[in-house]
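Trainee: Input: one structure, supplied below.
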Amino acid sequence: MEDVHGRSGLAFPMTLVVMQGLILIIWTLYGSYAPDAEGTAPSPSSSSYTATTLYQSWLGVHIMMLFGFGNLMTFMHRHGYSASGYTFLVTCLGLQWCVIMYAFWHGLLGEGKLRGPTLDMTMLFQGDFGVAAVLISFGALIGKISPTQLMVLCFLEIIVYAASEAFVSEVLRAEDVGGSMVIHTFGAYFGLASSYVVTLPSMVLDGLDKENRASYTSDMFAMIGTLFLFLYWPSFNAGLLDSATNQQERALVNTVLSLAASCLATFLFSKGLRGHFSMVDIQNATLAGGVAIGSTCNMELGPGGALMVGLAADGFGWREGMGEEEEEE
Amino acid sequence: MEDVHGRSGLAFPMTLVVMQGLILIIWTLYGSYAPDAEGTAPSPSSSSYTATTLYQSWLGVHIMMLFGFGNLMTFMHRHGYSASGYTFLVTCLGLQWCVIMYAFWHGLLGEGKLRGPTLDMTMLFQGDFGVAAVLISFGALIGKISPTQLMVLCFLEIIVYAASEAFVSEVLRAEDVGGSMVIHTFGAYFGLASSYVVTLPSMVLDGLDKENRASYTSDMFAMIGTLFLFLYWPSFNAGLLDSATNQQERALVNTVLSLAASCLATFLFSKGLRGHFSMVDIQNATLAGGVAIGSTCNMELGPGGALMVGLAADGFGWREGMGEEEEEE
Amino acid sequence: MEDVHGRSGLAFPMTLVVMQGLILIIWTLYGSYAPDAEGTAPSPSSSSYTATTLYQSWLGVHIMMLFGFGNLMTFMHRHGYSASGYTFLVTCLGLQWCVIMYAFWHGLLGEGKLRGPTLDMTMLFQGDFGVAAVLISFGALIGKISPTQLMVLCFLEIIVYAASEAFVSEVLRAEDVGGSMVIHTFGAYFGLASSYVVTLPSMVLDGLDKENRASYTSDMFAMIGTLFLFLYWPSFNAGLLDSATNQQERALVNTVLSLAASCLATFLFSKGLRGHFSMVDIQNATLAGGVAIGSTCNMELGPGGALMVGLAADGFGWREGMGEEEEEE
Numbered sequence: 001m002e003d004v005h006g007r008s009g010l011a012f013p014m015t016l017v018v019m020q021g022l023i024l025i026i027w028t029l030y031g032s033y034a035p036d037a038e039g040t041a042p043s044p045s046s047s048s049y050t051a052t053t054l055y056q057s058w059l060g061v062h063i064m065m066l067f068g069f070g071n072l073m074t075f076m077h078r079h080g081y082s083a084s085g086y087t088f089l090v091t092c093l094g095l096q097w098c099v100i101m102y103a104f105w106h107g108l109l110g111e112g113k114l115r116g117p118t119l120d121m122t123m124l125f126q127g128d129f130g131v132a133a134v135l136i137s138f139g140a141l142i143g144k145i146s147p148t149q150l151m152v153l154c155f156l157e158i159i160v161y162a163a164s165e166a167f168v169s170e171v172l173r174a175e176d177v178g179g180s181m182v183i184h185t186f187g188a189y190f191g192l193a194s195s196y197v198v199t200l201p202s203m204v205l206d207g208l209d210k211e212n213r214a215s216y217t218s219d220m221f222a223m224i225g226t227l228f229l230f231l232y233w234p235s236f237n238a239g240l241l242d243s244a245t246n247q248q249e250r251a252l253v254n255t256v257l258s259l260a261a262s263c264l265a266t267f268l269f270s271k272g273l274r275g276h277f278s279m280v281d282i283q284n285a286t287l288a289g290g291v292a293i294g295s296t297c298n299m300e301l302g303p304g305g306a307l308m309v310g311l312a313a314d315g316f317g318w319r320e321g322m323g324e325e326e327e328e329e
Numbered sequence: 001m002e003d004v005h006g007r008s009g010l011a012f013p014m015t016l017v018v019m020q021g022l023i024l025i026i027w028t029l030y031g032s033y034a035p036d037a038e039g040t041a042p043s044p045s046s047s048s049y050t051a052t053t054l055y056q057s058w059l060g061v062h063i064m065m066l067f068g069f070g071n072l073m074t075f076m077h078r079h080g081y082s083a084s085g086y087t088f089l090v091t092c093l094g095l096q097w098c099v100i101m102y103a104f105w106h107g108l109l110g111e112g113k114l115r116g117p118t119l120d121m122t123m124l125f126q127g128d129f130g131v132a133a134v135l136i137s138f139g140a141l142i143g144k145i146s147p148t149q150l151m152v153l154c155f156l157e158i159i160v161y162a163a164s165e166a167f168v169s170e171v172l173r174a175e176d177v178g179g180s181m182v183i184h185t186f187g188a189y190f191g192l193a194s195s196y197v198v199t200l201p202s203m204v205l206d207g208l209d210k211e212n213r214a215s216y217t218s219d220m221f222a223m224i225g226t227l228f229l230f231l232y233w234p235s236f237n238a239g240l241l242d243s244a245t246n247q248q249e250r251a252l253v254n255t256v257l258s259l260a261a262s263c264l265a266t267f268l269f270s271k272g273l274r275g276h277f278s279m280v281d282i283q284n285a286t287l288a289g290g291v292a293i294g295s296t297c298n299m300e301l302g303p304g305g306a307l308m309v310g311l312a313a314d315g316f317g318w319r320e321g322m323g324e325e326e327e328e329e
Numbered sequence: 001m002e003d004v005h006g007r008s009g010l011a012f013p014m015t016l017v018v019m020q021g022l023i024l025i026i027w028t029l030y031g032s033y034a035p036d037a038e039g040t041a042p043s044p045s046s047s048s049y050t051a052t053t054l055y056q057s058w059l060g061v062h063i064m065m066l067f068g069f070g071n072l073m074t075f076m077h078r079h080g081y082s083a084s085g086y087t088f089l090v091t092c093l094g095l096q097w098c099v100i101m102y103a104f105w106h107g108l109l110g111e112g113k114l115r116g117p118t119l120d121m122t123m124l125f126q127g128d129f130g131v132a133a134v135l136i137s138f139g140a141l142i143g144k145i146s147p148t149q150l151m152v153l154c155f156l157e158i159i160v161y162a163a164s165e166a167f168v169s170e171v172l173r174a175e176d177v178g179g180s181m182v183i184h185t186f187g188a189y190f191g192l193a194s195s196y197v198v199t200l201p202s203m204v205l206d207g208l209d210k211e212n213r214a215s216y217t218s219d220m221f222a223m224i225g226t227l228f229l230f231l232y233w234p235s236f237n238a239g240l241l242d243s244a245t246n247q248q249e250r251a252l253v254n255t256v257l258s259l260a261a262s263c264l265a266t267f268l269f270s271k272g273l274r275g276h277f278s279m280v281d282i283q284n285a286t287l288a289g290g291v292a293i294g295s296t297c298n299m300e301l302g303p304g305g306a307l308m309v310g311l312a313a314d315g316f317g318w319r320e321g322m323g324e325e326e327e328e329e
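Chains as they are written, first to last, in the UniProt record's numbering: chain W, 1 to 329; chain U, 1 to 329; chain B, 1 to 329.
Given below as structure tokens:
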């Protein structure tokens with residue numbers, strides 16, 4: 001039986017070959033560039049839009065995936081090394097797969113027919129959003145599943161994620177610009193549900209708790225991850241919004257204010273209730289502030305409203321967090 | 001009495017609640033979006049300007065605040081952990097407060113009346129400039145003041161900083177694009193002055209010097225901070241300049257050349273006078289080269305002129321620095 | 001005789017003074033801003049182009065130089081500290097020098113006359129491309145040459161690099177958008193050739209192999225470097241392409257897909273042939289995937305084609321890599 005580091009067996013290479021093979025065949029037979037990435041004609045989009053601008057925002061999201069989400073997990077000292085590698089694995093696999101599923105479900109639910117995947121910067125955004133959902137789920141499963149199981153999780157979750165996302169936007173026609181519902185909440189519950197199913201009994205009995213403590217080095221890496229999350233969250237929330245109207249700028253500044261308020265509130269709770277600053281708390285506050293403002297960040301909340309969303313998010317987050325009582329050295 | 005880590009007392013939470021409460025009330029009652037972040041009409045600005053472009057430059061400044069300025073301080077090994085946390089605290093608090101003060105003083109000195117704060121990407125730049133001044137002052141005070149005192153410093157310094165900045169630009173009508181005078185010089189002297197006033201006697205008597213030495217890990221983090229300063233300083237100097245004329249590009253390339261020359265000169269002095277490369281020297285050279293070119297970076301210095309500014313900056317910086325004689329392991 | 005850390009002798013400061021002096025004189029006497037960085041008139045370029053957009057892409061390339069290329073080398077534990085410093089040295093020196101050589105050779109081979117260097121964001125790109133070639137060569141020489149020898153290598157290699165690059169583009173009129181041939185292949189062979197010539201015999205006899213092993217900390221820094229390479233490689237390949245046509249967006253998405261496929265394939269080989277994940281393999285895969293797609297990234301390969309390039313690149317890379325048999329703790 002494969003252990004958590006997946007050191008033996010043919011399961012991993014065979015699973016990877018099958019998945020990458022399937023993805024390659026679909027992209028080769030049915031895939032194409034989107035119109036704005038094809039041919040040599042001038043870009044059909046407006047002059048205020050360039051691929052580079054979109055690419056820079058996407059870079060921020062990609063940095064969040066590889067650094068932020070990966071390094072939050074390296075907090076768990078012993079898992080640090082594998083957590084970063086597994087994040088890489090999920091990102092490379094999920095990105096390719098999620099663009100296919102996005103086209104499939106949006107074609108089916110939106111136009112009632114099958115549609116091949118198209119490729120441009122916007123689709124890379126959609127691909128990373130699916131990766132985000134899987135990485136959030138992975139947070140509930142780290143140390144409990146093998147690399148092979150992680151790939152299977154990634155493959156299956158993205159099918160369900162893309163169906164859910166297409167249902168919300170094509171059928172319900174609901175707006176969820178920052179993906180608070182379809183990405184973050186979905187990913188969290190999918191991960192919790194999976195953790196009841198996919199568990200290696202030997203690992204749970206093993207003393208995992210003692211591996212969950214912080215060291216100076218892993219704290220520092222977690223800090224780097226937290227800073228990147230804090231820095232690039234506005235890219236995540238506002239990157240795909242129309243830059244020709246004012247709502248993109250509003251989404252950016254609302255997210256920045258909400259994050260600042262949420263983190264300040266955490267300094268309050270962290271010292272008030274624990275007696276000292278905790279790195280974990282700042283991480284949780286960043287996540288809470290970014291997710292809370294996500295769905296409404298493009299609306300006219302007013303600066304005061306954005307601050308209140310951040311402050312409230314942190315209050316709620318703390319009611320959850322205190323149960324865990326993370327202890328640092 | 002609260003110690004330097006602020007482990008006891010109600011002073012910290014109460015100060016934070018009062019400050020964040022005051023800021024929240026002002027933003028809610030008097031704050032609003034700037035025209036380019038309000039409504040759903042197309043952006044009034046020219047087509048070559050998008051909020052995302054400005055946001056990307058602002059991101060560089062924000063990275064400098066959280067990584068560069070914070071990690072320079074982590075050079076002091078034992079303070080590394082708290083220095084990063086305190087940088088976070090100052091950034092979240094100062095950003096919100098400085099935009100309010102900016103509107104207040106520019107309204108008073110520029111238009112002779114009170115003005116409520118407005119929010120858009122440009123204002124987030126102005127907010128981070130105030131944060132920069134406080135973080136520079138903090139460099140002279142680290143290890144000597146408690147978190148509560150740091151918040152009070154942040155609150156008061158930003159009032160004076162914003163008044164000074166508004167006076168220079170509205171009354172003197174002087175140009176200081178990179179903020180060399182109103183941000184860097186102001187912050188340094190404010191910090192030096194404060195260090196005579198706000199000092200915990202017990203901490204100074206304590207053997208701080210032995211905590212000031214480098215370790216391999218903290219050196220590496222200082223290196224990361226230095227690299228980010230070196231990389232993003234052009235964003236700091238040129239981010240707010242008009243991109244419709246050529247002066248923004250000139251400011252960018254002038255700053256890049258000045259930084260390169262300043263760092264090369266440091267390799268010379270560092271080896272020539274010390275006999276080996278010192279990480280601290282490269283940090284100081286980056287700061288010197290970036291600050292020196294700041295006020296004049298948009299002018300037609302010529303490429304040779306930009307190089308000379310960087311080389312000269314480093315020479316002057318070294319006369320100061322040699323007194324310290326930092327020793328590394 | 002100067003040792004590998006260059007602790008003694010006047011060779012280093014004198015070499016640096018002569019080189020920086022020569023560069024300063026050339027820039028001062030013959031250098032000028034390019035038209036788009038001069039004067040106060042509106043930028044002559046199209047409205048969809050701004051200096052900031054180009055600057056953001058260039059930042060990615062600069063990050064690759066300072067973080068990625070530097071930290072790949074820190075994998076070698078004992079050299080980590082000096083490798084980062086030397087990368088800094090090469091970047092600051094090579095950037096200034098390569099822009100001069102670019103103008104010289106393009107003037108000579110393209111227009112048949114001498115041309116003074118011009119400065120704008122595009123030229124900073126060209127400067128960093130030369131730095132990339134030197135850093136690649138340095139990878140074959142680390143631990144074997146002194147800082148002084150490194151500066152001489154940088155100076156000479158850039159003369160040859162710029163001549164080769166100008167020959168390919170001006171005389172052969174061949175397109176090599178990502179520089180796979182003129183930068184990466186050139187740099188690798190120049191480094192290999194140099195390693196036969198410039199070697200300190202004492203260092204080679206010394207037990208360098210035992211310094212070549214990984215530690216947890218240096219692995220983590222290598223991981224950060226790898227992530228930055230993976231993230232910013234699209235900037236390297238597509239940054240200078242015309243954003244008014246669709247080929248820039250195509251180059252961006254092709255590079256992203258190729259990198260993802262190349263890294264996935266490495267997970268396969270790394271586990272299949274070694275039995276565990278290796279950080280070095282992911283680094284090599286990123287390099288292989290980015291270089292392989294470089295020359296053709298703007299062409300209409302189709303999404304499937306881009307994936308195949310990445311997968312094939314990794315296969316070839318592995319045939320080379322297995323000979324080394326890097327061992328990790």
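Yeah, the Cβ is synthetic: ideal placement off N, Cα and C, and Gly gets one too.
Nearest CA to the CA of residue 95 of chain U: which residue from U:83, U:147, U:23 and U:166?
Mentor: Of U:83, U:147, U:23 and U:166, the residue nearest in Cα terms is U:23.
Trainee: Assess contact between the stretch 284 to 295 of chain B and the stretch 227 to 246 of chain B, defined as three or more Cβ pairs (one per stretch) separated by less than 8 Å. Is contact present?
Mentor: Contact holds: three or more Cβ-Cβ distances are below 8 Å.
Trainee: In the DSSP output, what is residue 33 of chain W paired with across the bridge?
Mentor: DSSP output for residue 33 of chain W lists W:119 as bridge partner(s).
Trainee: State whether the stretch 236 to 248 of chain B contacts the stretch 292 to 302 of chain B, with contact taken as three or more CB pairs (one from each stretch) at a distance under 8 Å.
Mentor: In short, these stretches touch, since the Cβ pair count reaches three.
Trainee: Any contact between the stretch 122 to 133 of chain W and the stretch 85 to 104 of chain W? By contact I mean 3 or more CB pairs, one from each, below 8 Å.
Mentor: Judged by Cβ distances under 8 Å, the stretch 122 to 133 of chain W makes contact with the stretch 85 to 104 of chain W, as three or more pairs qualify.
Trainee: Any idea what DSSP makes of residue 296 of chain W, helix, strand or coil?
Mentor: Reduced to three states, the DSSP call for residue 296 of chain W is coil.
Trainee: Can you grab the Cα-Cα spacing for the pair residue 83 of chain B / residue 191 of chain B, in whole Å?
Mentor: Going by the C-alpha atoms only, they are around 16 Å apart.
Trainee: When we look at the beta-carbon of residue 121 of chain B and count the other beta-carbons within 10 Å, is it buried (16 or more) or exposed?
Mentor: Buried, by the Cβ-count rule.
Trainee: What are the residues in the stretch 225 to 243 of chain W lying within 8 Å of chain B by C-beta distance?
Mentor: From the stretch 225 to 243 of chain W, no residue has a Cβ closer than 8 Å to chain B.
Trainee: If you run the structure through DSSP and keep just helix, strand and coil, what is residue 50 of chain B?
Mentor: Three-state result, residue 50 of chain B: coil.
Trainee: So with Cβ pairs under 9 Å, would you call residue 145 of chain W a contact of chain B?
Mentor: Cβ-Cβ to chain B under 9 Å: no for residue 145 of chain W.
Trainee: Inspect the beta-carbon positions of residue 182 of chain W and residue 109 of chain W and report whether they are closer than 9 Å.
Mentor: Not in contact: residue 182 of chain W and residue 109 of chain W (Cβ atoms no closer than 9 Å).
Trainee: Excluding the 5 residues flanking residue 308 of chain W on each side, which residues of the same chain have their C-beta closer than 6 Å to its C-beta?
Mentor: Cβ within range, chain order: n/a, list empty.
Trainee: How about residue 293 of chain W: is its C-beta nearer than 9 Å to some C-beta of chain U?
Mentor: Chain U contact via Cβ: absent.
Trainee: Is it buried or exposed for residue 242 of chain U, if we count other Cβ within 10 angstroms and need 16 for buried?
Mentor: With fewer than 16 other Cβ atoms within 10 Å, it is exposed.
Trainee: If we cut at 9 Å on Cβ distances, does residue 67 of chain B have a partner in chain U?
Mentor: Judged by the 9 Å Cβ criterion, residue 67 of chain B is in contact with chain U.
Trainee: Quick one: which chain W residues come within Cβ less than 9 Å of residue 17 of chain U?
Mentor: Simply 268.
Trainee: Going by Cα to Cα distance, which pick from U:233, U:103, U:145 and U:306 is closest to residue 33 of chain U?
Mentor: Among U:233, U:103, U:145 and U:306, the Cα nearest to that of residue 33 of chain U is on U:103.
Trainee: Counting only beta-carbon separations shorter than 9 Å, does residue 223 of chain U have a partner in chain W?
Mentor: No - not a single Cβ of chain W is within 9 Å of the one on residue 223 of chain U.
Trainee: What residues in its chain sit with their C-beta under 6 Å from that of residue 265 of chain U, if we drop five residues either side in the sequence?
Mentor: 311 and 314.
Trainee: Listed in chain order, which residues of the stretch 301 to 314 of chain W have Cβ atoms closer than 9 Å to some Cβ of chain U?
Mentor: Cβ contacts with chain U: 302, 303, 304, 305, 306, 307, 308 and 311.
Trainee: Can you give the Cα-Cα distance for residue 85 of chain W and residue 118 of chain B, rounded to whole angstroms?
Mentor: Looking at the two C-alpha atoms, the distance is approximately 44 Å.
Trainee: Hey, residue 302 of chain U and residue 87 of chain B: beta-carbon distance below 9 Å or not?
Mentor: No.
Trainee: Decide if residue 411 of chain B is buried, meaning its Cβ has at least 16 other Cβ atoms within 10 Å, or exposed.
Mentor: For residue 411 of chain B there is no data in the structure shown, the boundaries of chain B being 1 and 329.
Trainee: Give the interface partners of residue 165 of chain U over in chain B, defined as CB-CB distance under 7 Å, in chain order.
Mentor: Here the premise fails: no neighbours, minimum Cβ distance about 23 Å.
Trainee: Candidates W:125, W:147, W:148 and W:153: which alpha carbon is nearest residue 137 of chain W's?
Mentor: Looking at the Cα atoms, W:153 is the closest of the given residues.
Trainee: Would you call the CB atoms of residue 306 of chain U and residue 257 of chain U closer than 9 Å?
Mentor: Result yes, Cβ atoms of residue 306 of chain U and residue 257 of chain U sit closer than 9 Å.
Trainee: Taking the C-alpha atoms as reference points, what is the distance between residue 179 of chain B and residue 98 of chain B?
Mentor: Roughly 15 Å separates the two Cα atoms.
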